[in-house]
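Residue numbers (full-length UniProt numbering): 1 to 115. We put the CB at the ideal spot given by N, CA and C, even for glycine. Quick caveat, the model's predicted, so the values are computed rather than measured.
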C-alpha cells in the first residue's frame with residue numbers, strides 16, 4: 001500500500017515541474033498575445049489618426065482652393081464691372097465731345113448777329 005502511495009507521490013512530483021513549465025508557457029504566451037494586441041491596437045489607432053489627418057488636410061486644401069477660386073471670380077467680376085463703368089464713362093465723354101463739336105460747328109455756320 002505504501003509503495004502504491006509512494007509511486008503516486010513520485011508521479012505527482014514529476015508532473016508538478018512540467019505543469020509549472022506548461023503554466024509559465026501559457027502565461028508567457030498570454031502576455032505576448034496581450035502585448036501584440038496592444039501594439040496592433042496602437043497601430044490601428046495611428047492609422048486612423050493618419051487617415052483623419054489626411055482627410056482634414058484634404059478638406060482644408062479643398063476649402064482653400066474654393067476660397068481662392070471664389071476670390072478670383074470676384075476679382076474678375078469687379079474687373080468687368082469697372083470695365084463696363086469705364087466704357088460707359090468714355091461713351092458719355094465721347095457724347096459730350098460730339099455735342100460740343102456740333103455746337104461749335106453751328107456757331108461757325110450761323111454766327112450770331114451783332115447789333
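What's the C-alpha gap between residue 51 and residue 68?
In the chain shown, counting from the first residue as 1, residue 51 sits at position 51. In the chain shown, counting from the first residue as 1, residue 68 sits at position 68. Taking the straight line joining both Cα atoms gives about 25 Å.
Just the C-alpha distance for residue 28 and residue 58, rounded to the nearest angstrom, thanks.
Residue 28 sits at position 28 when you count from the first residue of the chain shown. Residue 58 sits at position 58 when you count from the first residue of the chain shown. For residue 28 and residue 58, the distance between alpha carbons rounds to 44 Å.
Only counting the same chain, and skipping five residues up and downstream in sequence, which positions put a Cβ closer than 8 Å to that of residue 99?
One-based indexing of the chain shown puts residue 99 at position 99. So the list is empty, once near-sequence residues are dropped.
Given this structure, state the Cα-to-Cα distance separating residue 79 from residue 106, to the nearest angstrom.
Translated into the one-based positions of the chain shown, residue 79 becomes position 79. Translated into the one-based positions of the chain shown, residue 106 becomes position 106. Looking at the two C-alpha atoms, the distance is approximately 40 Å.
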